[in-house]
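Here the structure comes first, spelled out in structure tokens, and everything after it is commentary.
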Amino acid sequence: MCENCDYVKMLQSHNLDPTPLREAVFRSVGREHRPLAAVEIMAAVRRQMSINKVTLYRILDLLVEKGLVKRLSTGDRAFRYGMGENRHHPSHPHFFCTECGVMECLAPEFLPVDIKKCRSKGKWVIKHVDVRFEGICERCAKVDTE
């Protein structure tokens, strides 16, 4: 869990009313050190309070629109959700296991990208960077060799 993030203040700073459901969804995303599928977020929120699928997706869409959460594409056609970039969560690549479907965050040093330099060299506006490696994770690779 990110000990540095104040989820209520972050919601308020993006002009969002910090309702209990919004806070629970946002906190569930921030609590993990890997991007989560919507079903995982729903399960985490449901341990605290009731939420339906439509409400969950509306909240996720709103958090993505405000830049608080990133929607990440995967090889299995399902999205994963992770914290949006901020001073505590720099842009970083991800690894997606094609066997078990788990997506992991990689350290920014795995693939350093100088966004400011990219912005200054081109005539485009970069709004989002998503770098994903695909392969077989260590746990699945061990199962295959046994």
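Counting with the numbering used here, you get residues -1 to 144 for the letters of the sequence shown.
Yeah, the Cβ is synthetic: ideal placement off N, Cα and C, and Gly gets one too.
Item, Value
"Is PHE77 helix, strand or coil by DSSP?", "coil"
"If you run the structure through DSSP and keep just helix, strand and coil, what is GLU102?", "strand"
"My understanding is that TYR55 touches ARG25, with C-beta atoms under 8 Å, so please give their C-beta distance in whole angstroms.", "Not really, about 17 Å apart at Cβ, beyond 8 Å."
"Specify, as a first and last residue, the run of the beta strand (DSSP E) that LEU70 falls within.", "67 to 70"
"Going by other Cβ atoms of all chains shown within 10 Å of its Cβ, with 16 needed for buried, is CYS116 buried or exposed?", "exposed"
"For CYS138, name the three-state secondary structure that DSSP assigns.", "helix"
"Report the residue from GLY120, GLU63, GLU102 whose alpha carbon sits nearest the alpha carbon of CYS135.", "GLU102"
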